[in-house]
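For the sequence shown, position 127 (counting from the first letter as 1) is numbered 643 according to this note's numbering, and the numbering increases by one without interruption. Just so it is clear, CB atoms sit at the ideal spot from N, CA and C, and this is done for glycine as well. Since the structure comes first, as structure tokens, the remarks are kept for the end.
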Amino acid sequence: MARRGVLLGALLATLAFAPISFMAPANAAGWLEKNIWLSGPRYDGVLPACESPAVLDLVASRFATKEGRFWNSPLQIVGFDQVRETAYRPWANDTIPRRFCRGAAMVSDGVARRVYYSIVEDGGMIGNSWGIEWCVDGLDRNMAYNPHCKMARP
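Have a look at this one:
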């Protein structure tokens with residue numbers, strides 16, 4: 517009985533480490549997999565405008581949360597000015613739709629700073645709505661979008 521176990525273990529180990537050429541080739545997804553299980557994302561490209569109050573409120577809220585929670589700072593965005601769209605879907609059509617925006621953010625310390633943000637389709641909580649990625653130039657303390665928020669732009 518022990519001998520059979522050893523032989524079975526050796527056979528399984530051989531198969532597990534066998535070169536891929538000895539294994540069956542991968543097949544393409546069938547009709548059922550393509551149409552039900554692997555249908556892929558379907559984007560509409562319907563995103564709110566850069567000047568939308570919901571978008572600007574979300575940027576200000578996330579900024580205040582980040583400053584207070586992670587940097588122990590009382591800074592907040594108190595207003596926006598010169599908000600405009602810089603690009604809409606700048607990449608291939610099959611990519612996630614994004615609207616890139618920029619503007620001036622008046623921060624509670626009295627300094628107007630450039631803010632760059634993108635509105636992303638299906639980028640909200642668990643992909644159920646649009647989401648936002650943003651950067652305030654000069655206050656990107658964790659350097660996620662450095663230099664000067666370049667990585668937050670198209």
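Presumed contact (8 angstroms Cβ cut-off) between residue 606 and residue 561, rounded CB distance: Actually they are not in contact, since the Cβ atoms of residue 606 and residue 561 sit about 13 angstroms apart, beyond 8 angstroms.
Host beta strand (DSSP E) of residue 602 (start-end): 593-604
First and last residue of the uninterrupted alpha helix (DSSP H) at residue 673: For the chain, the structure presents residues 517 to 670; residue 673 sits outside this window and is missing.
Where residue 619 falls, given that 16 or more other Cβ within 10 Å makes a residue buried: buried
At least three beta-carbon pairs within less than 8 angstroms, the segment 636-650 to the segment 593-603: no
As assigned by DSSP and simplified to three states, the class of residue 640: coil
Spatial distance of residue 627 from residue 654 (CA atoms): 10 angstroms
Endpoints, the alpha helix (DSSP H) within which residue 583 is located: 569-586
Three-way DSSP call (helix, strand, coil) for residue 519 in this model: helix
Top-ranked residue by Cα proximity to residue 633, from 519, 574, 521: 574
Start and end residues, beta strand (DSSP E) containing residue 650: 647-652
According to DSSP, residues forming a beta bridge with residue 559: DSSP, once it has assigned bridges, lists no residue as partnering residue 559.
Neighbourhood of residue 589 by C-beta, 6 angstroms cutoff - its chain only, sequence neighbours within 5 removed: 583
Residues near residue 615 by beta carbon distance below 7 angstroms, same chain, minus five either side: 563, 566, 601, 604, 634, 635
Distance CB(residue 568)-CB(residue 594) smaller than 7 angstroms: no
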